[in-house]
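Chains as they are written, first to last, in this note's numbering: chain R, 89 to 387; chain G, 2 to 315. The C-beta atom is built at its ideal place from N, Cα and C for all residues, glycine as well. These figures come from a predicted structure and were not determined experimentally. Right, one structure below, let's go through it.
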Amino acid sequence: MNGVDLDVKRGEFFGLLGPNGAGKTTLIKVLCGIILPDGGEAFVNGYDVVRERDKVKASVSFVAGGRWIGFDYALSMRENLHLFGLLSGLSSTEARARTRESLDLVGLTDKADERIETLSSGMRQRALVARGLVVETPIFFLDEPTVGIDPEGAHEIRRFIKEELNEKKGQTVFLTTHYTDEAEMLCDRIALINKGKIVACGTKEELCELIQRRESIEVTAIGLVNALEEKIRSLDHVDSLKLEIDEPVTGRGRIRVTTREPEELTQKLMTVLNSFNVKILGVDTSKTRLEDVFLEFLS
Amino acid sequence: MSSSPKKDGDDAMERILRAPQPAAVGWRQLLEVIKCQAWFRLKSFYFWKLELVLELIGISVNVLTFYFISILGGEALNVSLQPYGESYVAFYAVGMAIHYTIDTSGLRKPAKEFQRLYWKGEVETWLVAPAPFWTFFIASQVFGLIRMSLPILGWLVFGILLGGNIAPSPNIGMIILLILFGLVATTGYGILATSTFYFLEAKTGEVPLLFVTNLLIYPVTGLVFPFMILPRWLQVIGLTLPQTYVYDGFRRALLNPNNYSPTLPIHNILPFHPILTDLLCTVPLSLLLLWFGWWAFKRSVNYAKRNGTLTRWV
């Protein structure tokens, strides 16, 4: 990591948005004291992450995402959470009560006594969130908490984090994600990270303002092929491009480009698509979204 | 591009205020952690019944083998073991009992349990939670002792059955102290061996430092034959290992506590009872090993934290 300069205020919902391998998890691990930085300085809850690691550990909850982290597969979910409560300084009675509440909050009460290895990946992810809830700390680090969870479950976890943790309890939340919608929906401020560097930081509006003069064109079509990407990118006035093919057989999907010259580019785009025999289902021109900012800064 | 735009704020003041204060982890919680962890490890040890039966069969066959070897050695062999109660089988079985206590459950556990923790992705849990990491090692040792208690009893029982009785009044106090400091010593060495997990990337299979110790225990500590029969250069190596003193003291305290005959060279140097001498040699070695082991382990964790190799998932 290099060139990371961030301040997160108490009670803020802060998002770190970046593609895979950008350094999101590394940064969160540095802030939790799991990785030691070889330079610079970082403070969490006012404590130095290198010199005051014990105080940092007692100040944070860390919810890792998408992997099998931190659970003993031979134990039930209740036992795992109970042990974590004890490790975090709760008495046995408190740990038991907090375990019950946490499992209830993530909707896993009926699975409490099942062994972790028998749960689906989505349920394990919920269990990780539940573990983070066992102890009430001022700061909550969430590393891609909704990866692998079904839409309904992801919505419920997002709602819980936003409303219960951040708004009602006033906990500072530091979220990493590569979902622009998630960051847009939840975060007060967002930092964009790429290749270990913070490339932009601000509220959603402030970030969008950075590329305000651009508009985005979204074309929904059938017959899209990957070869189009290079062809469209070579056109004048294309600032960013995203090609998504949902159905590989029919080539159904969408193309999203941002540009300063929407009218001129739309015409050229249609010409290219026609030359590839693409059947256009719809064209939508809209103002900048966070996803456009993301694509712009990371391209 | 730098991280702009940013809101103006009172970040410096936030740092100075340092509130809210994190909760401290007290001794009661630490004891709870140790109890809970040890219990959970026992609970998840699925095949313990079958494994225990097989282990006891193995021990009985092993003692029986050495019983026949003692017959081969004749009466002279037993007489040569007079400071240990004049029975080679008892000498051997009691030695194996203390070997199981401090080596099998003490020496090996830290490294093996840490390997398990790493590959199951649990290192992060322990390192993110405020409880100090040494509670993990203590919990592992408690589990190890509970787990090995029946095999240890097996060695003693089979040894007594085939080799004769223990002393009418064994020195229980010394036995307890020798076990305690023996465990501290082997745990210290075990934690030292665990540090190779990161330093030498010894993440699976044999732990290098444990391999060296295991290689030395049988030939140089007097585990299966009296220490004094060793050549001088092997004795010098043996005297650097705490096991030498613990095996000797434990056997003497259990089998023949009132005998003053020297069984280690150090007994001729220090003017104390041989069992007390064994204890006096064990204590500084155990404290030194524990300190050095913990120091090395912390260094290895910091080394891994700097390299980003601390946890299975980066």
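With at least 16 other beta carbons inside 10 angstroms of its own, Leu-312(R) counts as buried. In the three-state scheme derived from DSSP, where H, G and I count as helix and E and B as strand, Phe-226(G) is classed as coil.
Between His-325(R) and Arg-348(R), the CB-CB gap stays under 8 Å. When secondary structure is reduced to three states using DSSP, Glu-335(R) falls in the strand class. Using a CB distance below 8 Å, no part of the region 263 to 274 of chain R faces chain G.
With distances taken between CA atoms, Phe-298(G) lies nearest to Thr-197(G) out of Leu-210(G), Thr-197(G), Ser-71(G), Asn-63(G). Per DSSP, the continuous alpha helix (DSSP H) segment holding Arg-148(G) begins and ends at 135 to 164. Secondary structure at Lys-319(R): helix, using DSSP grouped into helix, strand and coil.
With a cutoff of 8 Å on beta-carbon distance, Val-151(R) and Leu-193(R) are scored as not near each other.
In this structure, Pro-243(G) sits away from Thr-195(G), with a CB-CB distance that is not shorter than 8 Å.
Between Cys-120(R) and chain G, the shortest Cβ-Cβ separation is below 8 Å. Leu-323(R) places its beta carbon less than 8 Å from that of Lys-356(R). Residue environment: Glu-332(R) is assigned as exposed (fewer than 16 neighbouring CB atoms within 10 Å of its CB, all protein chains considered). Residue environment analysis places Lys-256(R) among the exposed positions, since fewer than 16 neighbouring C-beta atoms fall within 10 angstroms of its C-beta. Counting along the chain, no alpha helix (DSSP H) covers Leu-231(G), and no H or E run does either.
If you look at Gly-341(R), you'll find it in the beta strand (DSSP E) that goes 340 to 347. Shown here, Asn-108(R) sits in coil according to DSSP, grouped into three states, outside any helix or strand. When the Cα atoms are used, Pro-266(G) and Gly-250(G) turn out to be separated by approximately 13 Å. Judged by DSSP secondary structure, Glu-379(R) falls within the alpha helix (DSSP H) whose first and last residues are 378 to 386. Per the DSSP secondary-structure output, Glu-303(R) pairs in a beta bridge with Thr-347(R). Counting other Cβ atoms within 10 Å of its Cβ, Thr-359(R) stays below 16 and is therefore classed as exposed. Within the same chain, Ile-35, Ala-39 come within 7 Å of Val-143(G) by CB-CB distance, once the 5 residues on both sides are set aside. Counting only runs of at least 3 residues, the region 226 to 271 of chain R fully encloses the following beta strand (DSSP E) elements, listed from N- to C-terminal order: 227 to 231, 260 to 265. Closest option to Ala-162(R), judged by alpha-carbon separation, among Arg-300(G), Phe-41(G), Ile-58(G): Phe-41(G). For Leu-128(G), at least one C-beta of chain R is nearer than 8 Å to its own C-beta. Residues of chain R with a Cβ closer than 8 Å to the Cβ of Arg-300(G) do not exist; the shortest Cβ-Cβ separation is about 12 Å. A direct Cα-to-Cα measurement between Ala-183(R) and Glu-100(R) gives close to 27 Å. Rounded to the nearest whole angstrom, the CA to CA distance from Ala-218(R) to Glu-189(R) is 9 Å. In the assembly as shown, Asn-314(R) is an exposed residue. Its beta-carbon has fewer than 16 other beta-carbons within 10 Å. Taking C-beta atoms under 8 Å as the contact rule, Gly-195(R) and Arg-214(R) qualify, at a distance of about 7 Å. When secondary structure is reduced to three states using DSSP, Arg-139(R) falls in the coil class, being assigned neither helix nor strand. The alpha helix (DSSP H) runs lying completely inside the region 178 to 253 of chain G and spanning 4 residues or more are 197 to 200, 209 to 221, 233 to 239, given in chain order. Within the region 356 to 384 of chain R, no residue has a Cβ lying closer than 8 Å to any Cβ of chain G. DSSP places Ile-123(R) in the coil class of the three-state scheme, outside both helix and strand.
Here Ala-271(R) is near Gly-103(R), since their CB atoms are less than 8 Å apart. With the rule of 3 Cβ pairs closer than 8 Å, the region 301 to 311 of chain G does not count as touching the region 272 to 282 of chain G.
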